[in-house]
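For reference, the structure discussed in these notes is given below.
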Amino acid sequence: MAEQTTATLERSIPAGPLGVIVRVTNRPARPPAFRLVQGSCVCGAAPDADLVIADETVSRRHLELRLVPEGVRVRDLASHNGTWYVGQRIQEAVLGAGSTLRLGLAELRIEPDRRAIEDASEGELDGYGELAGVSPPIRRLYAVLRRIESSLANVLIEGESGTGKELIARAVHERSAVASGPFVALNCGALDRSLVRSELFGHKRGAFTGALENREGAFEAAHGGTLFLDEIGELPADVQPMFLRALELGVVTRLGENVDRPINVRIIAATNRSLEAEMRAGRFREDLYFRLMVVPVSVPPLRERPEDIEVLATRFARSFGVESLPEDVLSELRAHPWPGNVRQLKNALQTYSVLGTLPERPTARAAELDDWLNRLVNLDVPYAEQKDALLKRFLRVYLEALLARTGGNKSLAARISGLERSYLNKVANQLRTGSAEDPE
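Following our numbering, the numbering of the sequence shown begins with 51 at its first residue and continues without gaps.
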């Protein structure tokens, strides 16, 4: 059953739970890595074990690993020195890929086997959930999504802003074994940093100023379903260990409490930048990265799939009440690079449905601003309230940059900006005191 370097069960890869690679990291083993794609794997010192570990602290038949949708079911086979996970001796547990076990003194790591994902062939689907398109890149994405339907492994979606990462997360959830459970979405980049712990894990009444009642966090709200975390790279460094603990132990502790609350949640995370680069720069924990990066999903930008522009534009137009698009409009749409991706295309079609013309092409910088504004707009908050908040924030950022450029020289700042010095003084004082009022 075993090859010289990697053992593989010699059957075609099933459309079932995703396989894993079992690797001993600190002791001689035969084979050094065992690829488990179905069935089970027995680890131990016995010569007939699937994964033979040369260490006297390992029992002859120490441990059995079996694939399940959530990852791997670990069962200790009455070993002498026990099976240990995050400092606790376990008899049986279900662990996700990215976990590390200790068998006696031997360390065993369960890694995701991404071969089945990487080998997913392009299919003939024209859509998947709310996703649409017929280009080769998007059809390869559909094939990957279909392959993971029978798995509950954590998923990391990487793609530019506006490519539809939340639509992908919803589609994955709706075709999973936890589809009947809740789908909870949280944008880590839009959270007040002081409230991230509360938003994720909940809080007890009185835990901090403003905590007027007990509140469950996103993990508890998503129990039995899927928690989608957009912009996961924005997760503060001090919260990352708590997040990792929730993944490893399946428990969360509300802020202000000492009670562990069990949770069973499938994590789908997303980012518009390279999380690996964030990890290498020391801004994102390596162990957390590997727990999230079990199933990597890369979303192609719209400029790399121009064949899909007409398909998407027609679909959006019909949703806004426009049955067909003239050829000159389609030609203009096809010629545009769409730096804001599918979201920008949808906004353009909404403008066309109202005004009968497409919006003027923004510069790349304006498109980026439009993208951020689209993400910030909250239709549950009155227009005037949102406008005032955005203008105050712009004023603060502008004046801070202006005064930094002039070295604090307000006379020079007034000349550059065209603002009265008295106005600059008043606003600078408000910035210093933290006043929320904007001087007229």
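From the three backbone atoms N, C-alpha and C, an ideal C-beta is built for every residue, glycine too.
For I359, no beta strand (DSSP E) run applies; the uninterrupted alpha helix (DSSP H) run containing it begins and ends at D358 to S369, by DSSP. The residue among A166, E168, I167 and G183 with its C-alpha nearest the C-alpha of E174 is G183. Taking 8 Å as the cut-off, the beta carbon of N391 is found closer than this to the beta carbon of E210.
Annotation: the continuous beta strand (DSSP E) that includes Q138 extends over Q138 to I140. Inclusion of E180 and G146 in the CB contact set at 8 Å is not warranted, their separation being larger than that value. The DSSP assignment places complete beta strand (DSSP E) segments of no fewer than 3 residues inside the stretch 78–143 at 83–86, 90–94, 101–103, 113–118, 121–126, 133–135 and 138–140, in order along the chain. The beta carbons of V108 and R116 sit no closer together than 8 Å.
Around the C-beta of P291, fewer than 16 other C-beta atoms lie within 10 Å, and the residue is accordingly described as exposed. As computed with DSSP, G177 is found in a beta bridge with A182. Taking all protein chains in view, the Cβ of H112 is crowded by 16 or more other Cβ atoms within 10 Å, so the residue is classified as buried. A direct Cα-to-Cα measurement between F293 and D100 gives close to 34 Å. Annotation for V372: L399, Y402 and S403 place their beta carbon closer than 8 Å to its own, counting only its chain and skipping 5 residues before and after. Rounded to whole angstroms, the gap between the alpha carbons of L449 and L440 is 14 Å.
According to the DSSP assignment, V427 belongs to no beta strand (DSSP E), since it is labelled neither H nor E. A straight line joining the alpha-carbon of S90 with that of N264 spans about 44 Å. For a cut-off of 8 Å, the C-beta gap from E208 to L325 is around 7 Å, short enough to register as a contact.
Using a Cβ-Cβ distance cut-off of 8 Å, the stretch 66–86 and the stretch 186–204 are in contact, since at least three pairs of beta carbons, one from each stretch, lie closer than that value. Between R393 and N424, the C-beta spacing is below 8 Å. In the three-state DSSP reduction, L206 falls in the strand class (E or B). In the displayed model, F258 falls within coil according to three-state DSSP, outside both helix and strand.
Non-local beta-carbon contacts of P346 in its own chain, meaning distances under 6 Å to residues more than five positions away in sequence, involve L206 in chain order.
Going by beta carbons, Y135 and A128 fall outside the 8 Å limit.
Secondary structure at A156: strand, using DSSP grouped into helix, strand and coil.
Secondary-structure assignment with DSSP links L191 through no beta bridge to anything. Residues D310 of the same chain have their beta carbon placed closer than 6 Å to that of T303, with the five preceding and five following residues left out of the count. Using a 10 angstroms sphere on the CB of T213, the tally of other CB atoms reaches 16 or more, which defines it as buried. Beta bridge pairing from DSSP links S348 with E208. Taking C-beta atoms as the reference points, T321 and E281 count as a pair closer than 8 Å. CA-to-CA, the gap between I167 and T456 works out to about 54 Å. Taking each of G260, A104 and E270 in turn and checking the Cα distance to P82, the smallest one comes out for A104.
S248 and L305 have their C-alpha atoms spaced approximately 6 Å apart. A check of alpha carbon separations from A319 across L245, I313, L297 and S230 identifies L297 as the nearest. A direct Cα-to-Cα measurement between V228 and G252 gives close to 22 Å. The distance from the Cβ of A272 to that of P312 is about 13 Å, inconsistent with a contact at the 8 Å cut-off.
Going by C-alpha positions, A261 is about 26 Å away from K442. Here A156 really is in contact with R77; their C-beta atoms are around 4 Å apart, less than 8 Å.
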